[in-house]
Amino acid sequence: MALGRADAWRYRGCMDAPGAVIRTQSRSTGWARFRASLRPARLVFTLCLAAIVAGVLNPIFITAFPILLARTLFIGVLSLLAFSAAGQWPKTLPSWLPRWVVQVLVVALSLPLGTLLVYLFSVDGDWRALMQHDARLTGLVSITGVGLLVGPLLAMAALYRERDAQARSQTLAFELEKSQLERQALDARLRLMQAQIEPHFLLNTLANVRALVETGSPQAGPVLGSLIAYLRGAMPRLREQAASLGDELALVRAYLELMQMRMPDRLQYSVDVPVALEALRFPPMALLTLVENAVRHGIDPSEVGGRVDVGAASDGTSGVVSVWVTDTGVGMSQLAGTGSGLRNLRERLGLFYGVEACIDFSEPSPHGLRAELKFKP
Amino acid sequence: MTGNVHQLEVTALIADDEPLLRQSLALALSRVWPELQVVAQARNGREALELFEEHQPQIVFMDVHMPGLNGIEAAKGIARRAQLVFVTAFEQYAVQAFEQGAIDYLVKPFDDSRLADTVQRLKQRLQGKGLPTSETIDQVLNQLSEQLRKHKVGEQAWLKWIKASVGSALKLIAVDQIIYLRSDAKYTLVVWHEGEALIRTPISELADQLDPQVFAQVHRSAIVNLREVSHIKRGANETADVHLRGRSEVLPVSRAYLHFFRQM
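Protein sequences, first through last, are from chains A and B. Adding 981 to a residue's 1-based position in the first sequence gives its number in this note's numbering. Adding 327 to a residue's 1-based position in the second sequence gives its number in this note's numbering.
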């Protein structure tokens, strides 16, 4: 039933550099975007404008109006196609050449070329016939002139409108995202407020404390101290608002001390974090969730128990801080859920440090679980 | 008096994974029932069974929650060869089951007067009075072990983690973080919120193990997390594309899988 471990051909995880991995080809290609940019409104506008130009030029042309109209329509559509195509291709441009310049230039070029094409068509490609015919030459020059005057201006207007629309839709999307984030933050805070200390844990711990008291063990005092420290950190009403990594480590130490009292033969632990990192602000209960997870799913189900090691380091060049919890317990079964705890933790981490923050899980050899929080403080 | 002679020789086994609680129970028993001999203490279910076979005590105090073999499973191995007293901490469902099956139990932490009640009942039962029938014990134990199993793995065991070996490391990918899976000839691309991996497991093998409430196979070569879908765009020829939240990738939907989105 359970799946054997899979070999990963390539892998990019939490905070790994991008680029190390293949990307699936997005199907929204240049061709699709090209077609999308040929909006009906733009086409209609181009056709109307071409008709107006034909109407204006009609009195000074000998050519019949329908033929003149056909010519201006052809030139107009050709320029629109060129404008749209230049919006997608070539895919990459040198950094000194903005795309809008290319689009305007392409329109400016397509107008005389298109006009020339139309006139060459009308004289069956006879170059000399065209050059020797004054009326045709005048027509060619005047259409080109009008086109060159109007075309690039229109292209720039179209680009301006496009950018405006994009900016507006981006603002909208941003507003939406912001309101969603605010709601998520509120939800996460509420859930954290409602998070309760498990009665199971508390009663079992108290039963142990009573055993120490009954036997007059000198351990009783320190253990009660740990219980108080744990309650202070884990009870929502007693918890301080602005928590640091140092506060969280105190909570984690208190929890581990209590668990070690309960299973002295099965749990060893260490908490080893550079002092410089203790002042970092840190989402309350985030590390405790991982440590509880290590004890509950790693150490407790094992007859022989194991170690839980908590550590942290910061990378000087990237500025990424890692905080990890490694256990040598039974490891995570592929079918074992961790409830909503880990999902909530991811959510809180994202809200606290931004979307880049993440958790990486791996299995140390020969067994156990390593959970690593990575974030930029 | 044979009864008195019998009482002097009563032996017990204590099984609990927490040493302080074993000591505490032994100490309390010495106060409440000084004649009782605690002949062995076990740290888990497996040890409890071994020590039971070795010492054959008449009474077993059995913690429900223990590593390896839990208390309920261990009790099944002992069956009716001893008087069972379950020790539990706040496992409400267990307490209810014990009450129904007239099985004795103690809820941690308990005081001497509560223990004295249990000791009283044990003494009566050892003299052959008020024993629960064997069927009810078996029935309750089976029911409890089923409940414990469900409690541990959840109702249905869908895949929660994908393990992928990367060089010498073994990475765990949380299934509920996965956005989509795509396959080509031999590999499956797994994309989740924090990264992506190309694994050698064919997509068809994964498809059967993913929770159908969350994941839908929309194409022979694509599985999508339904929570990550932003919208569906219909194409020609009874096909469609799945667009994802905040991502540019688009997944194909083939005709055979289009029914997933009929009701959406």
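Every residue gets a Cβ at the ideal spot worked out from N, C-alpha and C, and that includes glycine.
Query, Result
"Delimiting residues of the alpha helix (DSSP H) encompassing residue 1366/A", "For chain A, the structure presents residues 982 to 1358; residue 1366/A sits outside this window and is missing."
"Simplified DSSP state of residue 1203/A, which is helix, strand or coil", "helix"
"Rounded separation between residue 1347/A and residue 1312/A - CA only", "9 Å"
"Range of the contiguous beta strand (DSSP E) that encloses residue 490/B", "488-493"
"Residue 948/A to residue 1112/A span [Cα, whole Å]", "Lying before the first or after the last residue shown, residue 948/A is absent from chain A, which here runs from 982 to 1358."
"Reduced DSSP category for residue 393/B - H, G, I as helix; E, B as strand; rest coil", "coil"
"Cβ-based contacts, 8 Å cut-off: residues of the region 1178-1204 of chain A near chain B", "1180, 1181, 1184, 1185, 1187, 1188, 1189, 1191, 1192, 1193, 1195, 1196"
"Under 7 Å by beta carbon: chain A residues contacting residue 493/B", "989, 992"
"Residue-level contact to chain A via CB, residue 373/B, 8 Å cutoff", "yes"
"Other residues of its chain near residue 538/B: CB distance less than 7 Å, five sequence neighbours each side excluded", "485"
"Any chain A beta carbon closer than 8 Å to residue 380/B", "no"
"Partner residues on chain B for residue 1315/A, Cβ-Cβ distance less than 8 Å", "486, 487, 488, 489, 490"
"Cβ contact check for the region 1093-1110 of chain A and the region 1015-1033 of chain A: 3 or more pairs under 8 Å", "no"
"Nearest-angstrom beta carbon gap, residue 362/B and residue 1244/A [assumed within contact, 8 Å]", "The Cβ separation is near 31 Å, so there is no contact."
"Pairwise C-alpha distance: residue 493/B and residue 1002/A", "Any reading at residue 1002/A must be qualified, since the residue scores a pLDDT of 42, below 50, and its modelled position is unreliable; the value itself is stated next. Rounded to the nearest angstrom, the two C-alpha atoms are 13 Å apart."
"Helix, strand or coil at residue 1316/A according to DSSP, with G and I counted as helix", "coil"
"CA-to-CA distance, residue 1147/A to residue 1074/A, given in whole angstroms", "21 Å"
"Where the alpha helix (DSSP H) containing residue 519/B begins and where it ends", "No alpha helix (DSSP H) holds residue 519/B; the beta strand (DSSP E) holding it covers 515-519."
"Nonlocal neighbours in the same chain, by C-beta distance under 7 Å from residue 586/B, ignoring five residues either side", "none"
"Where residue 1005/A sits in the DSSP three-state scheme", "Residue confidence for residue 1005/A is low, a pLDDT of 36 falling below 50, so the modelled location carries little weight and cannot support an answer."
"Near-chain B residues of the region 1238-1269 of chain A (beta-carbon distance less than 8 Å), N- to C-terminal order", "1242, 1243, 1244, 1245, 1246, 1247"
"Residue from 1246/A, 1258/A, 1273/A, 1230/A with nearest C-alpha to residue 1252/A", "1230/A"
"Residue 995/A versus 1156/A, 1345/A, 1331/A, residue with shortest Cα-Cα distance", "1331/A"
"C-beta contact flag for residue 524/B and residue 496/B at 8 Å", "no"
"Whole-angstrom distance between residue 338/B and residue 454/B, CA atom to CA atom", "14 Å"
"Supposed close pair residue 347/B, residue 1193/A - CB separation, criterion 8 Å", "7 Å"
"Interface flag, residue 539/B vs chain A, CB-CB below 8 Å", "no"
"Partners in chain A for residue 474/B, counting only beta-carbon separations shorter than 7 Å", "None at all; the shortest Cβ gap to chain A is about 15 Å."
"Chain-ordered residues of the region 1283-1296 of chain A with a beta carbon less than 7 Å from chain B", "1283, 1284"
"Neighbourhood of residue 592/B by C-beta distance below 7 Å, restricted to the same chain and skipping five residues each side", "As shown, chain B starts at 328 and ends at 591. That puts residue 592/B outside it, with no answer to give."
"CB contact check: residue 523/B to chain A, cutoff 8 Å", "yes"
"Segment contact flag, the region 1235-1243 of chain A with the region 1271-1284 of chain A, C-beta cutoff 8 Å, min 3 pairs", "yes"
"Rounded separation between residue 516/B and residue 1355/A - CA only", "23 Å"
"Short CB-CB distance (under 8 Å) between residue 1328/A and chain B", "no"
"Cross-strand partners of residue 364/B (DSSP beta bridge)", "338/B"
"Cβ shell of residue 400/B (< 8 Å), same chain only, five flanking positions each side left out", "372, 472"
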